[in-house]
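Residues -18 to -1, 1 to 128 (mature numbering (1 follows the signal peptide of the UniProt record, and there is no 0)) make up the sequence shown, in order.
Each residue gets a CB set at the ideal place from its N, CA and C atoms; glycine is no exception.
Have a look at the structure below before the remarks.
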Amino acid sequence: MKSLFYVLLLSLLGVSLAGCTTVVLSDTQLPMSSSNRCAGPAGVSVRYHTLTIAIGERPHTGYGIELVGQQQQDGHYQLMFRETLPQPGMNYAQMLVSPCLQVVLPQHWRSVQVTNKDSGQQWQLTPADDSGLSQPLNPPNNKQRP
């Protein structure tokens, strides 16, 4: 048991062992949620450190979106998603849905690259693209009354 602990510790530190494959375990699993009712347009956007991946309007609840991979190194994130399709032979509620996935980025993220696994399309975002943080604040109304 003690030797297993040391092997895990060495692999976490990135020390390669002869005859062993080094697996770097990431303790970073970003908080996320999915919804069938996204208000935004199709695409990838970030607002107040929350990344939204939206696939647009679909005809019924059989469609969705899932994160299939994520990596992080020094504040640079790579996320991969795919659209989930209806299963043949299943009945779904016939209503318009707008599936999306929202991922909460940490306070000091540097960049995020988002890839659509199916199409290969990629988006590259930085904190400068955060529309919630880049909006100018309305100056307070300091007019004095006569």
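Reference residue i, options the options, closest by Cα
i	options	result
E48	L61, D112 and P41	L61
Q55	S17, D111, R92 and Q106	R92
T97	L33, S17 and G22	L33
P23	Q52, S16, I37 and S17	I37
Q86	R19, A21 and S27	Going by the sequence as given, residue 86 is Val instead of Gln. Comparing Cα-Cα distances from V86 to each of R19, A21 and S27, the minimum goes to S27.
N18	G71, H31, L83 and F63	L83
R64	G25, Q89 and Q76	G25
L67	A110, I35, P41 and L115	P41
Q106	Q52, Y59 and P88	Y59
Cβ distance (whole Å) where residue i is taken to contact residue j below 8 angstroms
i	j	result
S113	R29	5 angstroms
Proximity of residue i and residue j at Cβ, strictly below 8 angstroms
i	j	result
L78	E39	yes
Q95	Q104	yes
T43	Y74	yes
G46	P70	no
H90	G57	yes
Where the beta strand (DSSP E) containing residue i begins and where it ends
i	result
G44	G44 -> no beta strand (DSSP E), and no H or E assigned at all.
T34	T32 to A36
V28	G25 to R29
Q104	Q104 to L107
Residues that DSSP places opposite residue i in a beta bridge
i	result
Y59	Q54 and V94
C82	S17 and A36
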